Amino acid sequence: MVKMVAIEFNYKVCNSVYFLMLLLMVFVQIDTGAIPGLSNYLPQAIGITDTQFGYFAVVYSLGAIAGSVCTTLLSSCLGLKTFICSAVILNIACEIAFAIAQPNYVAMLTARFVSGIAQVPIKLWWPVWVS
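For the sequence shown, our numbering assigns the number 1465 to the initial residue and increments by one for each residue that follows.
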């Protein structure tokens, strides 16, 4: 016979998780939606050429490839919850670093590369894992 266990639902924890997910999606959409949408304006605003602006997409994709390679290894070392939370925090930090590193082109490229690594667990791995 199966014994039913009552689990108390904590609204505060649930609301915190939903707020974190909302914050995460805002930062992910800034990265994947706003930056390409501003491609006619952003290069001139930050003082780079269109080719240099295109490198932002290249290094992001290279970061996604690197993240795909190491995602399984890191998740098994850190544990699933810690791994996903770390990816969320790293992604937010990279987006902020990209925004404030404006005069330093190499720092901006580095932030895009690490952002690509951090978004693999969020965009690709997390939805598959949750399913």
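Note that beta-carbon positions come from the ideal geometry of N, C-alpha and C, so glycine has one too.
Quick caveat, the model's predicted, so the values are computed rather than measured.
- Which stretch, first to last residue, makes up the alpha helix (DSSP H) that contains GLU1570? The sequence position of residue 1570 within the sequence shown is 106, counting from 1. Residue identity differs from the one stated: residue 1570 is Val in this sequence, not Glu. Run containing VAL1570: 1569-1583, per the alpha helix (DSSP H) assignment.
- Item | ALA1565, DSSP secondary structure in three states | Stepping through the sequence shown from its first residue, residue 1565 is reached at position 101. ALA1565 falls in the coil class under three-state DSSP.
- Query: Which of the three DSSP states, helix, strand or coil, is assigned to SER1503?
  - Reply: The sequence position of residue 1503 within the sequence shown is 39, counting from 1. Assignment of SER1503 by DSSP, reduced to helix, strand and coil, places it in the coil class.
- Task: Mark PRO1500 as exposed unless 16 or more other C-beta atoms lie within 10 angstroms of its C-beta, in which case mark it buried.
- Result: As a first step, residue 1500 is located in the sequence shown; it is residue number 36 there, counting from the start. With fewer than 16 other Cβ atoms within 10 Å, it is exposed.
- Item | Delimiting residues of the alpha helix (DSSP H) encompassing GLY1518 | Against the sequence shown, residue 1518 aligns to sequence position 54. Its alpha helix (DSSP H) spans residues 1514-1542.
- Task: Name the two residues that bound the continuous alpha helix (DSSP H) containing LYS1587.
- Result: In the sequence shown, residue 1587 corresponds to position 123, counting from 1. From DSSP, LYS1587 is part of no alpha helix (DSSP H); its letter is neither H nor E.
- Message: Cutting at 7 angstroms between CB atoms, please list the residues of its own chain near ILE1586, excluding the five before and the five after it.
- Response: The sequence position of residue 1586 within the sequence shown is 122, counting from 1. Within the same chain, ILE1586 has close Cβ partners LEU1488, VAL1492, ALA1551, VAL1552, ASN1555.
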